[in-house]
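Visitor: Pasting a structure below so you can have a look.
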Amino acid sequence: MIANYGFNDASGDWFLILNTDKCNGCGKCVEVCPVKILKVGPDEIDIFREEPVAFVKHEERKKIKYHCAPCKPGYGLGLPPCVAACEPAAISFSDGWKACFKDSHQ
Amino acid sequence: MVEQGKPVEFWRWPETNWVNPDIDWIKGEWITAGVDVGSVSTQAVIMVDGEFYAFGNTRTGSDSPNSAQKGMDYALEKTDLKLENIDYCIGTGYGRVNVPMAQQAITEISCHARGANFMYGPDVRTVMDMGGQDCKAINVDDRGKVLNFMMNDKCAAGTGRGMEVFADLIHIPVWEIGPRSFLISREPPSISNTCVVFAKSEVVGLLEQGVPENEIMAAYCSAMAHRIMELLKRLGVKEKFVITGGIAKNEGVVKRLEKELGIKTAEQAWANPQYREKNYPFDTQLAGALGAALFGQSLLELGKAKSVRKT
Chain W
39 MIANYGFNDA SGDWFLILNT DKCNGCGKCV EVCPVKILKV GPDEIDIFRE EPVAFVKHEE
99 RKKIKYHCAP CKPGYGLGLP PCVAACEPAA ISFSDGWKAC FKDSHQ
Chain U
1447 MVEQGKPVEF WRWPETNWVN PDIDWIKGEW ITAGVDVGSV STQAVIMVDG EFYAFGNTRT
1507 GSDSPNSAQK GMDYALEKTD LKLENIDYCI GTGYGRVNVP MAQQAITEIS CHARGANFMY
1567 GPDVRTVMDM GGQDCKAINV DDRGKVLNFM MNDKCAAGTG RGMEVFADLI HIPVWEIGPR
1627 SFLISREPPS ISNTCVVFAK SEVVGLLEQG VPENEIMAAY CSAMAHRIME LLKRLGVKEK
1687 FVITGGIAKN EGVVKRLEKE LGIKTAEQAW ANPQYREKNY PFDTQLAGAL GAALFGQSLL
1747 ELGKAKSVRK T
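Going line by line, the protein sequences match chains W and U.
Sequential numbering from 39 applies to the first sequence in our numbering.
Sequential numbering from 1447 applies to the second sequence in our numbering.
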């Protein structure tokens, strides 16, 4: 399952995308997240899944525009820490930024 | 139309309940219930061995536990079933953690996907849940399992509560807005779709200018349709596309959304031919509670949940 946790700010629509089929629940993203919005636990959407999975904490979902914004790609800082730390490549960021920052990247 | 001294609330949509006359619950093995406490409405659905048995659809009050209780009592009203006879109850929706009679809480995303699968059939691929305070776009597989979902992160604009506020403002019952929004000579430009408060002041402005009511309704409906489009565009819409939740009953929004998308929504009728034949009530608001009750059934069958039936 693909879980999209979205936010929008002045630079457009953004999504933290978690592919739960790839997620192995290792919890490395939780460790590296500078604002601690991620958590590993039982899958709340697919209740029949036995293995733990990473997700964005409930109380943070409406606030990720403040928390995720400093890490979001496109400012030339490289990958966000959660994306870089994820070995099975389950976490990704929406590529809306490519359009926003086209000039600065070429 | 409006009696003097008597307050009229145009947003008050009618509450309903129903019991299936063809089922005798005593013969059933598992009796499961789902309670969907949303921000605007509360539904309770009771299923006997995975068959639709009874439902109650009420308005949510100021307190989730009370609303859940009210919804459940309303569903049980026409039956001779008691709360003690229910094997397993699952809470869902915005107030899912505050459902006193529920043994478990499941998010409304999974429940709507599962409920839509039951209501509209296994060929449903995209479910749009338009609730009281948020909307979610969900891609599902043939078993009603969530494949991809997206939730709006904004406020109540373009949702059920916004429509209620709007109905009260222009003094037209909320269920008349859909049909009346088509009684227009031209399609007006849509109004602000980012905030209920802004939309409200824009509507007041339009009323002042003398714009006909029906045209304002059309403008509001198209604003709502446009807002949902943003979500659906990102997720991608696959047929069969269905809408659940209260706004699905507003044809003004649904038809405008279909036009903008270029995809028709599925007919609002039971996929199960027996249900269709016997004319069981089809209420798009029930999807969440139905899904929850179905999850209860699966959990009991798989032995992952224990029955709490007392009598």
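Glycine included, every Cβ here is placed at the ideal spot set by N, Cα and C.
With a threshold of 8 Å between beta-carbons, can Gly50/W be considered close to chain U, or not?
Guide: Not an interface residue.
Visitor: Could you tell me which chain U residues have their CB closer than 7 Å to the CB of Glu82/W, listed as they occur along the chain?
Guide: Those are Thr1553, listed as they occur along chain U.
Visitor: Report the three-state DSSP secondary structure of Ile1472/U (helix, strand or coil).
Guide: Ile1472/U: helix per DSSP, three-state reduction.
Visitor: Pull out every residue of the stretch 52 to 85 of chain W whose Cβ sits closer than 7 Å to any Cβ of chain B, in chain order.
Guide: Any reference to chain B falls outside this structure, whose protein chains are W and U.
Visitor: Assuming contact is defined by CB atoms lying nearer than 8 Å, are Asn1598/U and Lys1684/U in contact in what I supplied?
Guide: No. Outside cutoff.
Visitor: Does Ala128/W have its Cβ less than 8 Å from a Cβ in chain U?
Guide: Answer no: the Cβ-Cβ gap between Ala128/W and chain U never drops below 8 Å.
Visitor: Can you give the Cα-Cα distance for Ser1513/U and Leu1732/U, rounded to whole angstroms?
Guide: If I take the Cα positions, the gap works out to 15 Å.
Visitor: Short of 9 Å Cβ to Cβ, which residues in the stretch 1679 to 1713 of chain U face chain W?
Guide: Hits within the stretch, in order: Arg1680, Leu1681.
Visitor: Measuring only between beta-carbons, confirm whether Gly44/W sits less than 8 Å from chain U.
Guide: At least one chain U Cβ lies under 8 Å of Gly44/W.
Visitor: Is Lys1591/U close to chain W, meaning its C-beta is less than 8 Å from at least one C-beta of that chain?
Guide: With 8 Å as the cut-off, Lys1591/U counts as an interface residue toward chain W.
Visitor: Tell me the DSSP bridge mates of Ser1487/U?
Guide: DSSP lists Arg1505/U as partners of Ser1487/U.
Visitor: Would you give the residue range spanned by the alpha helix (DSSP H) that Ser1647/U belongs to?
Guide: That run of the alpha helix (DSSP H) goes 1642 to 1654.
Visitor: Just the chain U side, please: which residues come within less than 7 Å of Ala41/W by C-beta, in chain order?
Guide: Result: Phe1595.
Visitor: Which of the three DSSP states, helix, strand or coil, is assigned to Lys1705/U?
Guide: Helix, per DSSP.
Visitor: Tell me the residue span of the beta strand (DSSP E) that contains Phe53/W.
Guide: It spans 50 to 57 - the beta strand (DSSP E) in which Phe53/W sits, taken as one unbroken run.
Visitor: For Lys1701/U and Ile1472/U, I'd like the C-alpha separation in whole angstroms.
Guide: Approximately 43 Å, taken between the alpha carbons.
Visitor: State yes or no: is the C-beta of Asn1463/U within less than 8 Å of the C-beta of Tyr1499/U?
Guide: No, these two residues do not count as a Cβ contact at 8 Å.
Visitor: Does any C-beta atom of chain W lie closer than 8 Å to the C-beta of Ser1556/U?
Guide: So, interface residue.
Visitor: Kindly list the residues whose CB is nearer than 8 Å to the CB of Ile1709/U, restricted to its own chain and excluding five residues on each side of it in sequence; keep chain order.
Guide: Closer than 8 Å at the Cβ level, and outside the excluded window around Ile1709/U, lie Val1683, Glu1685, Phe1687.
Visitor: Output yes or no for whether 8 Å exceeds the beta carbon distance between Gln1767/U and Ala1735/U.
Guide: Any answer about residue 1767/U is impossible in this case: the structure gives chain U only from 1447 up to 1757.
Visitor: At a Cβ cut of 7 Å, what residues of the stretch 1731 to 1746 of chain U count as close to chain W, listed as they run along the chain?
Guide: Cβ contacts with chain W come from Phe1741.
Visitor: Cβ atoms of Trp52/W and Ser130/W: under 8 Å apart, would you say?
Guide: Going by C-beta atoms, Ser130/W is not nearer than 8 Å to Trp52/W.
Visitor: Please return the same chain residues whose Cβ sits closer than 6 Å to the Cβ of Tyr1540/U, not counting the five positions on each side in sequence.
Guide: Same-chain partners within the cutoff: Gly1484, Ser1485.
Visitor: Tell me the rounded alpha-carbon separation between Val1754/U and Thr1525/U.
Guide: So the alpha carbons of these two residues sit roughly 20 Å apart.
Visitor: What does the alpha-carbon distance come out to for the pair Phe45/W and Ile102/W?
Guide: Their Cα atoms are separated by approximately 6 Å.
Visitor: Quick check on Thr1711/U: does DSSP put it in helix, strand or coil?
Guide: Three-state DSSP puts Thr1711/U in a strand.
Visitor: Kindly identify the DSSP beta-bridge partner or partners of Asn1594/U.
Guide: According to DSSP, which records beta bridges pairwise, Asn1594/U is partnered with Ile40/W, Asn1585/U.
Visitor: Can you tell me which of Phe86/W, Phe93/W, Lys74/W puts its alpha carbon nearest to the alpha carbon of Leu1748/U?
Guide: Ranking the options by Cα distance to Leu1748/U, first place goes to Phe86/W.
Visitor: Can you tell me the Cβ-Cβ gap for Gly1567/U and Ala1717/U, rounded? I've got them flagged as a contact below 8 Å.
Guide: With 8 Å as the limit, Gly1567/U and Ala1717/U qualify as a contact, their Cβ atoms being about 3 Å apart.
Visitor: Please report the residue range of the beta strand (DSSP E) in which Phe1687/U lies.
Guide: Element bounds for Phe1687/U: 1687 to 1690.
Visitor: With burial defined as no fewer than 16 other Cβ atoms inside 10 Å of the residue's Cβ, what is the status of Asn1725/U: buried or exposed?
Guide: The residue is exposed, with fewer than 16 neighbouring Cβ atoms inside 10 Å.
Visitor: How big is the Cα-Cα spacing for Glu1648/U and Val1657/U?
Guide: Taking the straight line joining both Cα atoms gives about 12 Å.
Visitor: Between Gly1517/U and Gly1502/U, is the Cβ-Cβ spacing less than 8 Å?
Guide: In this structure, Gly1502/U lies closer than 8 Å to Gly1517/U by Cβ.
Visitor: So Lys2/W and Ala123/W are in contact, right, with Cβ under 8 Å, and what is the actual spacing, rounded?
Guide: Any property of residue 2/W remains undetermined from this structure, which presents chain W solely from 39 to 144.
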